[in-house]
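So the protein lines, in turn, are chains A and B. Each residue of the first sequence is one higher than the one before, starting from 637 at the first, in my numbering. Each residue of the second sequence is one higher than the one before, starting from 11 at the first, in my numbering. Idealized CB from N, CA, C, for every residue including glycine. Quick caveat, the model's predicted, so the values are computed rather than measured.
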Amino acid sequence: MGFEIGHRVRSRAQVSRGHTRLPSYLQCREGCVVGVLGAYPFPDDRAHNSTNARTEALYTVEFQLGDHAVRADLFEPYLEAST
Amino acid sequence: MSTLHDHEHSAAVSRRVKALIARLEDAGITTEAQLDSVVESFLTHARPENGYRVVARAWTDPDFKARLLADANAAVAEIGVDLSHWAPVKLRVVENTPRTHNLIVCTLCSCYPIALLGPSPSWYKSEAYRARAVSEPRAVLREFGIELPDDTQIIVWDSTAEARYMVLPQRPAGTEHLGEAELAALVTRNGLIGTALV
């Protein structure tokens, strides 16, 4: 597990039933890892479990949307390797 | 949205905040005095002038600029911007170039580098800006008076997680003779969000 800069990834569909920091407009899209930010408490877990949330790796992922790029910071469970 | 609606909405929010404070006080989690001191600290330390100074230093000191782009938290501390009043966040500064224009948004809520820029403008929190910044940034920029060349790449940074973003605008042409304080006076808050060129 773990992505590196330059890896192609695909964002998943809805990952959690409750709180999430994966915006719906960035679900199920092909992107590219452009930054590796470290490990942070996973918001989808922290929302329900504030004192003992699990940590997950956080990446900056670039998506091409028409004539511009959008970069977002996405946690590892939101992503899968793209083939 | 009508003024009446705004008023009702803000009264509802205000009631909810009061109820929350009462519950937090009852539970022994915080006090009114603690909250007042947080707000006072917020208003004293969170000023866009912090961001203007950071930009002016980056324009005049290439080594500082390199450190700022690599590790903004450490670099802003060098020039006395004190982040200790804030929840720990990772600051990231992204540089505009002749080929690239950066724009900051938070589509999920209203994440914003408060310590560097002060409280965010109301349009930054509007649903229209949050939706359109990622879907049609060129049109949004045009409405802010920015017409970018067709071959300028636009990068929109959606603050979805732990990092807070600030734009480093391009230094305007013809400012070679200006000192750091004069340069800082040229910078605007919108320039640091990406909705102005400087």
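query: Among the residues of its own chain, which have a CB less than 6 Å from the CB of Met11/B, if the five just before and after it don't count?
result: Bear in mind that the predicted position of Met11/B carries a pLDDT of just 44, short of 50, making it unreliable; the figure below should be weighed with that in mind. Cβ neighbours of Met11/B beyond the five flanking positions: none.
message: For Asn106/B and Val150/B, which I take to be in contact (beta-carbon distance under 8 Å), what is that distance rounded to the nearest angstrom?
response: With a Cβ gap of about 16 Å, Asn106/B and Val150/B do not count as contacting.
field: Residues bridged to Arg707/A [DSSP beta-bridge criterion]
entry: Glu698/A, Trp167/B
query: Helix, strand or coil: how does DSSP classify Ala105/B here?
result: Looking at the sequence shown, residue 105/B is not Ala but Glu. Looking at Glu105/B - three-state DSSP - the assignment turns out to be strand.
message: Using the Cβ count rule (16 or more neighbours within 10 Å means buried), how would you classify His702/A?
response: Rather than His, the amino acid found at residue 702/A in this sequence is Gly. Exposed: under 16 other Cβ atoms inside 10 Å.
Within 8 Å, strictly: CB atoms of Ala693/A and Gly638/A: yes
message: Taking the straight line between their C-alpha atoms, what separation do you get for Ala68/B and His17/B?
response: 42 Å
message: Can you tell me whether Tyr676/A is helix, strand or coil according to DSSP?
response: strand
Bounding residues of the beta strand (DSSP E) (the contiguous stretch that carries Arg648/A): Counting along the chain, Arg648/A falls outside any beta strand (DSSP E), and DSSP gives it neither H nor E.
task: Could you tell me which residues DSSP puts in a beta bridge with Ala173/B?
output: Lys100/B
field: Within the stretch 123-160 of chain B, ranges of the alpha helix (DSSP H) (whole runs, at least 4 residues)
entry: 124-127, 132-135, 137-145, 147-153
task: Look up Ser12/B in the DSSP assignment and say whether it is helix, strand or coil.
output: At Ser12/B the pLDDT is 47, less than 50, meaning the model places this residue with poor confidence; the figure from the coordinates comes in the next sentence. Three-state DSSP puts Ser12/B in coil, outside helix and strand.
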